[in-house]
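In this note's numbering, the protein residues as written are 26 to 204. The structure appears right after this line, and notes come after that.
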């Protein structure tokens, strides 16, 4: 008994921390991108960011960087945040998009939300950005979890139908023999 008392109780291993959030920042002003990243770091978000400016760099980064989230400026030199949003919704609808703009009139913001933006944040109010990012990512993870559950349910139902169909044939054959 004395030897058993010396053995420490088993402790559950803590789950590994989630991988850092991969954030693609579509922003032509380096200082604005730095402010965005600083605000997210200050809020304690664990992330890796990649900043792009041009349409071609944006298109390439969507594939090579594989972001979990897009933060897009509304006005860029060679295209707009609305065009980037439309492209992401078409090609990668699983990536949430938050528009970050210096000035955005209400009508434009409403149009962006209707077009599929998860949220928009004014650059003058970046304190809202961490909550907008967390909400957008949380909603998308919920959507992915629901889709995974629906897929698992469909597969389970298909297996059940196969089992019932096979069982019904066996029961019928057994009943025909008087058993």
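Think of the CB as a built atom: it goes at the ideal place given N, C-alpha and C, for glycine as much as any other residue.
Roughly how many whole angstroms lie between the Cα atoms of residue 127 and residue 149? 7 Å
Would you mind sorting residue 61 into buried or exposed? The rule is 16 or more other CB atoms within 10 Å of its CB. buried
Beta-carbon spacing of residue 47, residue 96 below 9 Å: no
With burial defined as no fewer than 16 other Cβ atoms inside 10 Å of the residue's Cβ, what is the status of residue 103: buried or exposed? exposed
Is it the case that the Cβ atoms of residue 49 and residue 87 are separated by a distance below 9 Å? yes
Beta-bridge pairing of residue 96 - partner residues as DSSP gives them: 50, 123
Please check the pair residue 153 and residue 162, which I expect to be a contact at CB under 8 Å, by giving their CB distance rounded to whole angstroms. Residue 153 to residue 162, Cβ: 15 Å. No contact.
Can residue 158 and residue 113 be called in contact, C-beta distance under 9 Å? no
Does DSSP put residue 131 in a helix, in a strand, or in coil? helix
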